[in-house]
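Visitor: The structure follows.
In my numbering, the protein residues as written are 531 to 609.
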């Protein structure tokens, strides 16, 4: 296995791990929204929602940033 294939494999593993965390945060965000809709007077749920949403946006951009080198390696092939 050459260096490019190893790098591609590592980048895919990192992207997969970030994707798993992204889904976990998305699930947590859904639970927060559900609890907020049950009790809209509680401001703690609103604060937690915005913090979780900002983490979700950061993870989304990390997935995009990690995917760009993967797309370049795949597009350029072995050359």
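Even for Gly, the Cβ is constructed at its ideal location relative to N, Cα and C.
How many whole angstroms separate the CB atoms of residue 541 and residue 596, which I take to be in contact at a CB cut-off of 8 Å?
Guide: Mapped onto the chain shown, residue 541 falls at position 11. Mapped onto the chain shown, residue 596 falls at position 66. Right, their Cβ atoms sit about 6 Å apart.
Visitor: Rank 588, 559, 548, 584 by C-alpha distance to the C-alpha of residue 575 and give the top, closest one.
Guide: Working through the chain shown from its first residue, we reach residue 575 at position 45. Of the candidates 588, 559, 548, 584, the one whose C-alpha sits nearest the C-alpha of residue 575 is 559.
Visitor: In whole angstroms, give me the CA-to-CA distance for residue 601 and residue 568.
Guide: Locating residue 601 in the chain shown gives position 71, where the first residue counts as 1. Locating residue 568 in the chain shown gives position 38, where the first residue counts as 1. Each residue's alpha carbon lies about 43 Å from the other.
Visitor: Does residue 540 come out as helix, strand or coil in the three-state DSSP assignment?
Guide: By 1-based counting over the chain shown, the position of residue 540 is 10. Helix, per DSSP.
Visitor: Cα-Cα, which of 572, 570, 543, 555 is closest to residue 587?
Guide: Taking the chain shown and counting its residues from 1, the one referred to as residue 587 is at position 57. Here the closest residue by C-alpha is 555.
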